[in-house]
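Heads up, the thing below is written out as structure tokens.
2 protein chains.
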Amino acid sequence: MAGPCPGATSENQERGVTAGMKFCSQCGEAVTLRVPDGDNLPRHVCDACGTVHYQNPKIVVGCIAEWEDRILLCKRAIEPRYGLWTLPAGFMENGETVQQGAARETLEEARAQVAVGPLYTLFNLPHISQVYMLFRARLESLDFGPGAESLETRLMREEEIPWGELAFPVIAESLKLYYRDRVAGRFPLRSGHIERLPGPERRFRTRIYDHTELDFQ
Amino acid sequence: MAGPCPGATSENQERGVTAGMKFCSQCGEAVTLRVPDGDNLPRHVCDACGTVHYQNPKIVVGCIAEWEDRILLCKRAIEPRYGLWTLPAGFMENGETVQQGAARETLEEARAQVAVGPLYTLFNLPHISQVYMLFRARLESLDFGPGAESLETRLMREEEIPWGELAFPVIAESLKLYYRDRVAGRFPLRSGHIERLPGPERRFRTRIYDHTELDFQ
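Just so you know, the sequences run in chain order A and B. Residue 0 is where the first sequence starts when you use numbering that gives the first Met the number 0, and the numbers rise one by one after that. Residue 0 is where the second sequence starts when you use numbering that gives the first Met the number 0, and the numbers rise one by one after that.
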């Protein structure tokens, strides 16, 4: 595993709300939340030792691992979204590349070896300060199976994808794009954002960016 | 600004070595560095309150902002690499998209408004746990100038790029790819990694990934 799972156990963690920092990790004194000199956003600042503690978005990396006309899905053995299906993906670790992270997560969650190809989807999840990067990948063999965080792993054809039982909107959106692009046999990078709408229900708004609007190729 | 600048002042910060956490930011007790149960990497763990403190790579976002056949460069007014030239770029902030971050950094460093286009280069810098994402962008007007972190901003043609005075290898590599792709008039996503070689000198090794090797389009 690579950090807390991308949707961790409590509602707060799932929503990416980091518990506010209370003490300085350098000197142990209490921190205050304020805009440091020369900055324009509030940060946790230690007035005892002067450290400014920045918090930045996290990268989630994963694979669409292909075997002929099938791709590899994992059934989650952990909360949240226990029992629902997802692509192998998780938090990138320090010291690795995004591609190495995507391969590592695929190995950990599905015990599968892959050759990682091009980045295919780049999704912003600003409400939880996550950036998802899903890569096309080639499964190296049929020797795979559930890792500790999966109940089951399965190669699926398009008609087998359990659309109503996918764990996260970013997975559903990526797979919709993937099967649309597969018709044309071309997989240009797709990018967009997914925002959770206010309220207790799990409702989301997705936008896929269209750069041709701006005359970019 | 968005966090410490991507190459901050001390050698340690430039190398991305986060000062080791000493105290728990939740309860103020001392932390220990060990592999938590069910994990496989050492983390800073608080045995008093049970919090595991994960550290993850940071995203640096920026723009290759075009105006006709010229692009916008900034001369750094801050260390490290004071007085050298760079593309407008900086750490992504929580709550924004990568594209919004790239536009914000361009506004802060060059006071320039841009329409952000497709992701063009994706570079891993694993030795400092950074992921660089540079976007093609269209400069909206000629109303720009140095922000607080720049000495000077200038639109440059290819023959004006100060190759020997660029601040970071990731900028030079991205611009080399950009001018090569411009010949063909196509700008597919380019990805690779840059590693700093051991030793006191600033020496780097770059690899650009070639997915056609793997038969990916």
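Every residue, glycine too, gets a C-beta built ideally from N, C-alpha and C.
Span of the alpha helix (DSSP H) around residue i
i, result
"E107/A", "V97 to A109"
"A171/A", "P168 to A183"
N-terminal and C-terminal residue of the beta strand (DSSP E) that residue i is part of
i, result
"P117/A", "V113 to L124"
"L133/B", "Q129 to L138"
"W66/A", "K57 to W66"
"L72/B", "R69 to R75"
"V44/A", "R42 to V44"
"F227/A", "Absent from the structure is residue 227/A, since the part of chain A shown begins at 0 and ends at 216."
"E151/B", "S149 to M155"
"R33/B", "T31 to R33"
"T211/A", "No beta strand (DSSP E) holds T211/A; DSSP gives it neither H nor E."
"A88/A", "A88 to F90"
Contacts around residue i, its chain only, beta-carbon distance under 6 Å, and the 5 residues preceding and following it disregarded
i, result
"E108/B", "C73, P87, G146, E148 and S149"
"Q25/B", "C48 and T50"
"H192/A", "N123 and R206"
Nearest residue (CA-CA) to residue i, options the options
i, options, result
"E65/B", "P125/B, S24/B and V113/B", "V113/B"
"K120/A", "S190/A, M155/A, E164/A and L165/A", "Here the sequence assigns Thr to residue 120/A, which means Lys is not the residue at that position. Out of S190/A, M155/A, E164/A and L165/A, S190/A has the C-alpha closest to the C-alpha of T120/A."
"I127/B", "F143/A, N93/A, A136/A and M155/A", "N93/A"
"F186/B", "I63/B, H43/B, R42/B and E78/B", "I63/B"
"R201/B", "R179/B, V182/B, A183/B and A166/B", "A166/B"
"E67/A", "G19/A, E157/A, R110/A and L106/A", "E157/A"
"L138/A", "E159/A, R110/A and Y131/A", "R110/A"
7 Å Cβ shell around residue i - same chain, five flanking residues per side excluded
i, result
"C23/B", "V30, C45, A47, C48 and T50"
"S140/A", "Q112"
"E164/A", "L83 and W84"
"P226/B", "In this structure chain B extends from 0 to 216, so residue 226/B is not present and cannot be described."
Distance CB(residue i)-CB(residue j) smaller than 7 Å
i, j, result
"S173/B", "L133/B", "yes"
"L176/B", "L188/A", "no"
"N55/A", "K21/B", "no"
"V60/B", "G116/B", "no"
"P161/B", "W84/B", "yes"
"R103/A", "F215/B", "no"
Span separating the alpha-carbon of residue i from that of residue j
i, j, result
"E151/A", "I170/A", "17 Å"
"T96/A", "H52/A", "24 Å"
"G27/B", "Q98/B", "36 Å"
"I70/B", "P125/A", "29 Å"
"E194/A", "H210/A", "20 Å"
"R33/B", "G89/A", "21 Å"
"A183/B", "G19/B", "47 Å"
"F143/B", "L106/B", "8 Å"
"N39/A", "M91/B", "14 Å"
"Y131/B", "P168/B", "11 Å"
"L154/A", "Y208/B", "27 Å"
"R181/B", "R204/A", "35 Å"
"G37/A", "I77/B", "13 Å"
"M0/B", "L213/A", "Its pLDDT being 45, under 50, M0/B is placed unreliably by the model, and the measurement read from it follows with that caveat. If I take the Cα positions, the gap works out to 27 Å."
"P199/B", "E159/B", "30 Å"
Chain-order list of residues whose beta-carbon lies under 8 Å from that of residue i (same chain, five-residue window excluded)
i, result
"R75/A", "Y81, G82, L83, W84, T85, E148, S149, L150 and A166"
"R179/A", "none"
Within 7 Å of chain D by C-beta, residues of the segment 127–141 of chain A in sequence order: The question asks about chain D, but that chain is absent: this structure's protein chains are A and B.
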